[in-house]
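Letter by letter, the sequence shown follows residues -17 to -1, 1 to 170 in mature numbering (1 follows the signal peptide of the UniProt record, and there is no 0). Each residue gets a CB set at the ideal place from its N, CA and C atoms; glycine is no exception. The structure presented is a predicted model; accordingly, all values stated were derived computationally and were not measured.
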Amino acid sequence: MLPSVMVVFAILSCTRGKNPAVQVTLTDKWLQYVKHVGAGWIQDKLEHITFPDISGDVDILIGHVYYTLSGIRITKCDLPEPVLEFFQSTGLKTSIVGLNAALVGNWRTSFGIIHDGGSFDMAIFSVSLTSMVQLGRDPDGHLSITSIGCEPQVGNVAIQFHGGASFIFQPFVDHFKGKIVSVIQSN
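Written out as C-alpha cells, the structure reads:
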C-alpha cells in the first residue's frame, strides 16, 4: 500500500505548478496502434457521410447542359491501412494508397426547357491521398493541430446512370471522365 501512495504523491507533485500538464512521447509503436484503430474507425464513419452536391455544365456545341449530382453517399469502401509518419519539425504525414469506393446518388440535368433526372452508381478506383498536419501549441500552451496540405489523386472512375434519358448520354460518359476526376479531386 505504501508504494502506491508514494506513486500517487509523486504524480500529484509533478502536476502542480504554473502550467500543470501531462507530457506524451509519440513512439512508432503508438503511431502503428493509432493508424490501425483509426483505419477501422474511418471505415465505419465513411459509410454514413453524404457528400455535397456537385454541379456544373457541359458544352455540347448547341448549348450547355447543366447537371447536378446530389445525395452522394458511399456504399462500400476498401480502405487500405494508412502509412503514418511523424516528422519532428513538421508534424504527422498520413498516406493512403489504393483506396477504392462505390458510391450512389441522384442526377438532374437541364437543357433549356428540358429537365431530366435519375440515379447513378459510381466506382472510384486507385485513390491516393496524402495529408500533412502540423502539431504545435496555441498562445495558451495547448496542443494545436493545423492542416498544412492534402493531395488527392484519383486513378479511374466508372459511372453508370439510370432512369430518364440516361441511355442517350451514357455512351458519352467516357469522354468526360477527366472532368469527373478533376471535380472529385478538387472537392
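As a beta-bridge residue in DSSP terms, Val41 pairs with Val48.
The straight-line gap separating the alpha-carbon atoms of Ser111 and Gly81 is approximately 6 Å.
Less than 8 Å divides the Cβ of Thr113 from the Cβ of Ser78. Distance from the Cα of Ile97 is smallest, within the candidate group Gly147, Asp36, Asn89, Trp13, for Gly147. If you look at Phe69, you'll find it in the beta strand (DSSP E) that goes 66 to 70.
Burial state of Thr129 is exposed, judged by a 10 Å Cβ sphere holding fewer than 16 other Cβ atoms. The C-beta of Thr58 has fewer than 16 other C-beta atoms within 10 Å across all chains shown, which makes the residue exposed. Your pair Gln117 and Thr73 checks out as a contact, with CB atoms roughly 6 Å apart and the cut at 8 Å. As the crow flies, the alpha-carbon of His125 is around 24 Å from that of Lys12. The alpha-carbon of Val41 is positioned some 39 Å away from that of Gly23.
For Ile107, the uninterrupted beta strand (DSSP E) run begins and ends at 97 to 120, by DSSP. Rounded to the nearest angstrom, the gap between the Cα atoms of Ile43 and Asn139 is 23 Å. About 6 Å separates the beta carbons of Val156 and Ile142, which is inside the 8 Å limit, making them a contact pair.
In this model, Phe103 and Pro35 are separated by some 15 Å (Cα to Cα). In terms of Cα proximity to Tyr49, the closest of Arg91, Phe108, Ile151, Phe144 is Arg91. For the pair His145 and Gly101, the CB atoms are nearer than the 8 Å cut-off.
In the structure shown, Ile32 falls within a coil segment according to DSSP collapsed to helix, strand and coil.
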